[in-house]
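A.B. asks:
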Amino acid sequence: MLRQSEEQLVQSHAQILDSQKEASQLELTLYQTEVEVKRSQSQFYMNFREFKRLKSQLHQTQEELQQSQLQLHQTQEELQQSQLQLHQTQGEFQAQQHWIHEKLEKTLFQQGIAGQTNEQRQTHYRVLVWEGWYAYHKGELSKMQECLQESLKFTSLSPSETINNWLENFAIFSLEKDEIFDSYYLTESEEWKQLIRRLIVKPNGFVKKMISLN
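In case it helps, the working numbering puts the sequence shown at residues -8 to 205.
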């Protein structure tokens, strides 16, 4: 009986040792788990801080991108404005060149006419006829009408002779420019018809003066 009790006591002691061993193992496992949890938490916090840093950096990059886009838009607007100003300047320059060219042609023509005749009235007449042709050449028939009407003050030709002289000069000036003179287009225009009616109905002042002197 005593022997059996001793065996039970030994067995119980062994069980206690096993339980203590298991408890120690559990404590070790728990400790390792706590360490792992703390390490994971530390890693999480590090990752969270890195995430916030990257998010802040992304926000800053987006702001810089928006600023760059705004500057690009402003630069494009300034470029368009500069191109518009350049286009306007070029247009003004071309218009000025055209005006200078017209004046130069007129001056050269006047000099050429002045060298051919000493009569001032005849010179004025031919200059005005040339200006009339130039206006016709540009399609400015009202201006042509004004020039030819003004030329009547400086000629003693009869109305029919004046009309023929105008047509002959228009043909000559067109030929000098290597252009075809469309007399039908001219004579059928309303401006030309009005001019002819005035010429036929009312002779110019210089003709009337010549008639009165005779």
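Cβ atoms here follow ideal geometry from the backbone N, Cα and C, with glycine treated the same way.
Please classify Phe210: does DSSP put it in a helix, a strand, or coil?
C.D. replies: In the structure displayed, the chain extends from -8 to 205; residue 210 sits before or after that span and is not available.
A.B. asks: Comparing alpha-carbon positions, which option in Trp124, Gln48, Thr146, Gln72 lies nearest Gln111?
C.D. replies: Here residue 111 is taken as the residue at index 120 of the sequence shown, counted from 1. Among Trp124, Gln48, Thr146, Gln72, the Cα nearest to that of Gln111 is on Thr146.
A.B. asks: Would you call Glu27 buried or exposed, if buried means 16 or more other Cβ atoms sit within 10 Å of its Cβ?
C.D. replies: Start at 1 with the first residue of the sequence shown, and residue 27 comes out as number 36. Exposed is the call here.
A.B. asks: Is the CB-CB distance between His128 and Phe164 below 9 Å?
C.D. replies: As a first step, residue 128 is located in the sequence shown; it is residue number 137 there, counting from the start. As a first step, residue 164 is located in the sequence shown; it is residue number 173 there, counting from the start. A contact, by the Cβ cut-off of 9 Å.
A.B. asks: Can you give me the C-alpha to C-alpha distance between Gln57 and Thr66, rounded to a whole angstrom?
C.D. replies: Reading the sequence shown from its first residue, position 66 is the one you call residue 57. Reading the sequence shown from its first residue, position 75 is the one you call residue 66. Using only the alpha carbons, I get a separation of about 14 Å.
A.B. asks: Give the secondary structure of Glu146 by DSSP, where H, G and I count as helix, E and B as strand, and everything else as coil.
C.D. replies: Numbered from 1 along the sequence shown, position 155 holds the residue referred to as residue 146. Checking the displayed sequence, the identity of residue 146 turns out to be Thr instead of Glu. Coil.
A.B. asks: For Gln(-1), which residues in the same chain have their Cβ closer than 7 Å to its Cβ, ignoring the five residues on either side in sequence?
C.D. replies: Position 8 of the sequence shown, counted from the first residue, corresponds to residue -1. Excluding residues within five positions, none has a Cβ falling inside 7 Å.
A.B. asks: How far does the alpha helix (DSSP H) with Lys129 in it reach, from first residue to last?
C.D. replies: Start at 1 with the first residue of the sequence shown, and residue 129 comes out as number 138. Run containing Lys129: none; DSSP gives neither H nor E here.
A.B. asks: Between which two residues does the alpha helix (DSSP H) carrying Glu181 extend?
C.D. replies: Walking along the sequence shown from the start, residue 181 turns up at place 190. Here the alpha helix (DSSP H) through Glu181 covers 181 to 192.
A.B. asks: Under the three-state reduction of DSSP, which class applies to Met(-8): helix, strand or coil?
C.D. replies: As a first step, residue -8 must be located in the sequence shown, where it is residue number 1. The answer is coil: DSSP assigns Met(-8) none of H, G, I, E or B.
A.B. asks: Using C-beta distances below 6 Å, list every residue in its chain close to Tyr176, excluding the 5 sequence neighbours before and after it, in chain order.
C.D. replies: The sequence position of residue 176 within the sequence shown is 185, counting from 1. Nothing meets the Cβ criterion.
A.B. asks: Give a yes or no on whether the C-beta atoms belonging to Gln136 and Trp183 are separated by under 9 Å.
C.D. replies: By one-based count along the sequence shown, residue 136 stands at place 145. By one-based count along the sequence shown, residue 183 stands at place 192. Yes, the pair counts as a contact, with Cβ atoms nearer than the cut-off.
A.B. asks: Apart from the five residues on each side of it in sequence, which residues of its chain come closer than 6 Å, Cβ to Cβ, to Lys200?
C.D. replies: Residue mapping note: residue 200 aligns to position 209 of the sequence shown, counting from 1. In this prediction, Lys200 has a pLDDT of 38, which is less than 50 and means its spatial position is unreliable; nothing more can be read from the coordinates.
A.B. asks: Kindly list the residues whose CB is nearer than 8 Å to the CB of Ser174, restricted to its own chain and excluding five residues on each side of it in sequence; keep chain order.
C.D. replies: Position 183 of the sequence shown, counted from the first residue, corresponds to residue 174. Correct list, in chain order: Leu158, Phe161, Ala162.
A.B. asks: By Cβ distance below 7 Å, which residues in the same chain neighbour Val198 in space, the five residues on each side in sequence not counted?
C.D. replies: Within the sequence shown, residue 198 is the residue found at index 207, counting from 1. Interpretation of Val198 is limited by its pLDDT of 39, a score under 50 that renders its predicted location unreliable; no figure is taken from the coordinates.
A.B. asks: Just the Cα atoms here: how many angstroms apart are Ser31 and Ser3?
C.D. replies: Position 40 of the sequence shown, counting from 1, holds the residue named residue 31. Position 12 of the sequence shown, counting from 1, holds the residue named residue 3. Each residue's alpha carbon lies about 41 Å from the other.
A.B. asks: Report the residue from Asn155, Leu132, Asp169 whose alpha carbon sits nearest the alpha carbon of Gln185.
C.D. replies: Here residue 185 is taken as the residue at index 194 of the sequence shown, counted from 1. It is Leu132 whose Cα lies nearest to the Cα of Gln185.
A.B. asks: Using 9 Å as the threshold, is the C-beta distance between Leu166 and Cys138 below it?
C.D. replies: As a position in the sequence shown, residue 166 is number 175, starting the count at 1. As a position in the sequence shown, residue 138 is number 147, starting the count at 1. No.
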